[in-house]
Each structure stands twice: as C-alpha cells, then as structure tokens.
Amino acid sequence: MAVFKSTATFGYNAQTGEYGDMIAMGIVDPVKVVRTALQDAASVAGLLVTTEAMIAEAPKKESAGGGMPGGMGGGGMGGMGGMGGMDF
C-alpha cells in the first residue's frame, strides 16, 4: 500500500478518495487546527476509556390525576343573612 511509503506531504484527500501529495493537490491544513483536532480526539477517547459509570436522571413515574382538592367543601348557604328558617 502506498501509505507506508509516505513522505511528510503525503496524505488522503477525503473529497476525491485519493492518496497523493497534499501540497500538489492544494490541501494545506494549518498546524494549529490539526494539533487541536488531535488533542481533542485524544481527550475524548481518554474519557470514554476511563468512564465506568454514567449519571442520568431516573424517569419520573406520573401518578393518576388528582381528585377533589382540599379546602372548603360545598354544602349549604350557611352564614348568609336573611336565609334563616330554611331547613332541608
């Protein structure tokens, strides 16, 4: 395979699917971009390898709909003036 005989400028053109001299093909990546990509990839890989557990929120069980709310119940019209003598 040609990759093993590579030089410093030899690489893979993902757009065309060909191997070749990156400079001759007009593909030049800034060193800072490549270095940052490799550092970030190594960091994520390290996290995945060393992760033994994951913290997640447990699903909440939804209860059935509520009944009548507490508080003052219905019943009668007590306390209203002028309504005396009304027996049910």
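Under our numbering, the first residue of the sequence shown carries the number 1, and numbering increases by one thereafter.
Don't be surprised by glycine CBs; every beta carbon is placed ideally from N, CA and C.
Computed from a prediction, not measured in an experiment: that's the story for all the values here.
| query | result |
| --- | --- |
| Expressed to the nearest angstrom, what Euclidean distance is found between the alpha-carbon atoms of Pro59 and Thr51? | 22 Å |
| Using only alpha-carbon positions, find the residue among Thr36, Ala37 and Tyr12 that is nearest to Ile27. | Tyr12 |
| Which stretch, first to last residue, makes up the beta strand (DSSP E) that contains Gly11? | Phe10 to Asn13 |
| Where does Asp21 sit, in a helix, a strand or coil, going by DSSP? | strand |
| Measuring only the C-alpha atoms, how far is Gln15 from Ile23? | 15 Å |
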